[in-house]
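Below: one structure, written as structure tokens.
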Amino acid sequence: MLGDKKIVFSGVQPSGNLTIGNYLGAIKNFSAFSDEYHCFYCVVDLHAITLRQVPAELRRRTYETLALYIACGLDPEKNTLFVQSHVPAHAELGWILDCYTMFGELSRMTQFKDKSAKNASNINAGLFTYPSLMAADILLYQTDLVPVGIDQKQHLELTRDVATRFNGIYGDVFTMPDGYIPQTGMKIMSLADPTSKMSKSDPNENAIVYILDDKDTVLRKFRRAVTDSETEVCRREGKDGINNLMTIYSCFTGKTDEEIVREFAGRGYGDFKLAVGEACADQLAPVREEFARLMADKAYLEDIMKKGAAEAASCALKTMRKVRKKIGFVN
Ligand code: TYM
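In our numbering, the protein residues as written are 966 to 1296.
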């Protein structure tokens, strides 16, 4: 705990343009914690280099991800917003936790299996030990709650296992974190293949709606979304495309499935797709405007990064002092 507040930590990789999956599964929910918790929201650039990045793009996306955090409603006065590589304790604790994470545990991580299948020419050690670094991110701040999409659940469970192992050897060093996975929006699916997750690294642009897509693009992508040969808007097994659109519509409008079914009874998919696109574009319009304003003021973003890194580092230092002492490193 920081003061008397519990801690929230989450991170987003600056490894591509952010999607409405990132928004609905994670970022949109972040600001709800800002009053009650001390929140650390990190741009995890150390994680991003587990896949090869173009340096200039990584740098630009790091600014962009920070700007998006703010544009999505995170007040830098109320949240600690920072860049992972600016706080070296992440890498340090990451290495330490590598030594408390088992090869077998890492081998079971489905994201590692997926990513190594997709990047067969660059299955580097960092990609393999990625979850220990994520555990370090979380445990460094004595985090209580981690808001993420469902794809991070396995990594969170590993974090808890590593914390339990470490605490079992050295006493209570780390707070045991819980995940916060939203009921609706935890897994937004691809518009082109609604049986797989919408992912910012998908090469098919029609599969993805980016947070920063303009209204015409958003409407076009939803119009082309893969559905099925029926006409009824309702949630049912096998209707993956419509189920996904209902989830997205529900996230943007707050409407329940029953309300959505009633609203589109007898109206067909064309009307429904247009409504989903409009709800999405309208909610994201102010985010886009604010993003553009922020990106025009790099100095402001750099100030936030600097202030955020200092706050994060001072909190991380407390945990690192404890960890170093417990392990037996000479002070
Ligand atoms: P990343 O950058 O892949 O995604 C950022 C957040 O977006 C969520 N997300 C989704 N949610 C719903 N539907 C989708 N299609 C979708 N795609 C992505 C992710 O679950 C995530 O919450 N390993 C993390 C970054 C990380 C982290 C951390 C997160 C590093 N350290 C510590 C929390 C705590 C990742 O790759 O997220």
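For every residue, glycine included, the Cβ atom is placed at its ideal position computed from N, Cα and C.
Item	Value
Would you say asparagine 1084 touches the ligand TYM, meaning its beta carbon is less than 7 Å from a heavy atom?	no
Answer yes or no: do alanine 1036 and valine 1183 have a C-beta to C-beta separation smaller than 8 Å?	no
One question on the structure: do tyrosine 1106 and phenylalanine 974 come within less than 8 Å of each other, judged by their Cβ atoms?	yes
Opposite glycine 968 in the DSSP bridges: which residues?	DSSP output for glycine 968 lists no bridge partner at all.
Taking DSSP as the reference, what is the three-state secondary structure of valine 1113?	coil
For lysine 1152, verify whether its CB is less than 7 Å away from any heavy atom of the ligand TYM.	yes
Let me make sure I understand the geometry here. Which of Asn1044, Gly1059 and Met1151 has the alpha-carbon closest to that of methionine 1099?	Gly1059
By Cβ distance, which residues of its chain are closer than 8 Å to phenylalanine 1139, with the 5 residues on each side in sequence left out?	Leu1104, Gln1107, Ala1128, Phe1131, Asn1132 and Thr1284
Could you please give the first and the last residue of the uninterrupted beta strand (DSSP E) stretch that includes asparagine 1044?	1044-1048
Could you check the C-alpha separation between aspartate 1193 and isoleucine 1207 for me, to the nearest Å?	8 Å
To which residues of the same chain is lysine 1287 closer than 6 Å at the C-beta, ignoring the five residues directly before and after it?	Val1138
List the endpoints of the continuous alpha helix (DSSP H) containing valine 1138.	It is not in any alpha helix (DSSP H) - valine 1138 carries neither H nor E in the DSSP assignment.
Count the other CB atoms within 10 Å of the CB of threonine 1075; is the residue buried (16 or more) or exposed (fewer)?	exposed
For glycine 986 versus glycine 1114, is the C-beta distance shorter than 8 Å?	yes
Of the choices Leu983, Ser1097 and Gly1242, whose alpha-carbon is the least far from that of cysteine 1064?	Ser1097
Would you report the Cα separation of alanine 1013 and arginine 1200, rounded to the nearest angstrom?	35 Å
The ligand TYM and leucine 989: does the residue's C-beta get closer than 7 Å to at least one heavy atom of that ligand?	yes
Quick one: Cα of proline 1020 to Cα of aspartate 1010, how far?	11 Å
Using a Cβ-Cβ cut-off of 6 Å (strictly less than) and excluding sequence neighbours within five positions of leucine 1110, which residues of its own chain qualify?	Val973, Asp1143 and Tyr1145
In this structure, how does DSSP classify methionine 1297 when only helix, strand and coil are distinguished?	Within the shown structure, residues of the chain are numbered from 966 to 1296, placing residue 1297 beyond reach of any answer.
Who are the Cβ neighbours of alanine 1277 in its own chain at under 7 Å, not counting the five residues just before and after it?	Phe1005, Thr1045, Phe1047 and Val1052
Hey, is lysine 1078 close to the ligand TYM, as in C-beta under 7 Å from one of its heavy atoms?	no
Keeping to the same chain, check which residues put their C-beta closer than 6 Å to that of aspartate 1205; ignore five residues upstream and five downstream.	Pro1159 and Thr1160
Could you give the DSSP three-state label for phenylalanine 974: helix, strand or coil?	strand
If isoleucine 1173 and aspartate 1167 are in contact, beta carbons under 8 Å, what's the gap, nearest whole angstrom?	6 Å
Where DSSP assigns a beta bridge to tyrosine 1145, which residues make up the other side?	Pro1112
Comparing alpha-carbon positions, which option in Arg1188, Asn1209, Gln1049 and Ile1061 lies nearest arginine 1152?	First, the residue type needs correcting, since residue 1152 is lysine and not arginine in the sequence shown. Checking every option, the nearest Cα to that of lysine 1152 belongs to Asn1209.
Can you pull the DSSP bridge partners for histidine 1003?	Ile972
Could you give the DSSP three-state label for lysine 993: helix, strand or coil?	helix
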